[in-house]
Every structure is written in structure tokens, then in C-alpha cells.
Amino acid sequence: MVYYMPRSVCSKKVTFSIENNKIKDVKFEQGCSGSLQAISKLIEGMTVEDAIKMLKGIRCRNRNTSCPDQLAKALEQYLEK
1 MVYYMPRSVC
11 SKKVTFSIEN
21 NKIKDVKFEQ
31 GCSGSLQAIS
41 KLIEGMTVED
51 AIKMLKGIRC
61 RNRNTSCPDQ
71 LAKALEQYLE
81 K
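Numbered as in the UniProt record's numbering, the sequence shown ends at 81 without a single skipped number.
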């Protein structure tokens, strides 16, 4: 299980697993529950690289980031290790 602490967004923690380069078990703590549950289900089984391409750069309100963008950053960090 991978843990990531997002910055500058409503969610406080993201957890996920990677198996054979596929994303599994994405969970956000706090944030917009319905939207974050949908994002989690939509990327389930997606490759790490495809999810990053889809989520990176999404902004929320007047912020330069969002919960999906923070998930992309968490996935990028996972790839760097």
C-alpha cells in the first residue's frame, strides 16, 4: 500500500496499491466524497502512466492543483522509487 499526503487540497491522505503496473484500491481521506469515489473507480485497473496522463494538471477552483492532480503527483512519485 502506498500512502501520499496531498498538498493545497481538501483531501488529507491518498492510499493506493499497484499490481503489475495497474492501479488498485485508491482511497482518499476527506475531500469531495462523491467525486473522489468516482475518480477512484474510474482509474481502477488503469496503468500508472495512463492515469498520470489523464489526471495531471487538473485544477480545482482558483488553485494550481486538485485532488486528481495530487493523485497524479503521488503516482509520479511512486514511479521515481
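All residues carry an ideal CB built from backbone N, CA and C; glycine is no exception.
Fair warning: this is a prediction, and the values are worked out from it, not measured in the lab.
Comparing alpha-carbon positions, the option among K81, L75, A74 and C60 lying closest to C32 turns out to be C60. In terms of CA proximity to V48, V26 leads the group S35, V26 and N64. Under the three-state reduction of DSSP, S17 is assigned to strand. Distances from the alpha-carbon of F16 to those of G34, D69, E44 and R63 put E44 closest. The alpha helix (DSSP H) runs lying completely inside the UniProt domain "TSCPD" (5 to 79) and spanning 4 residues or more are 33 to 43 and 48 to 55, given in chain order.
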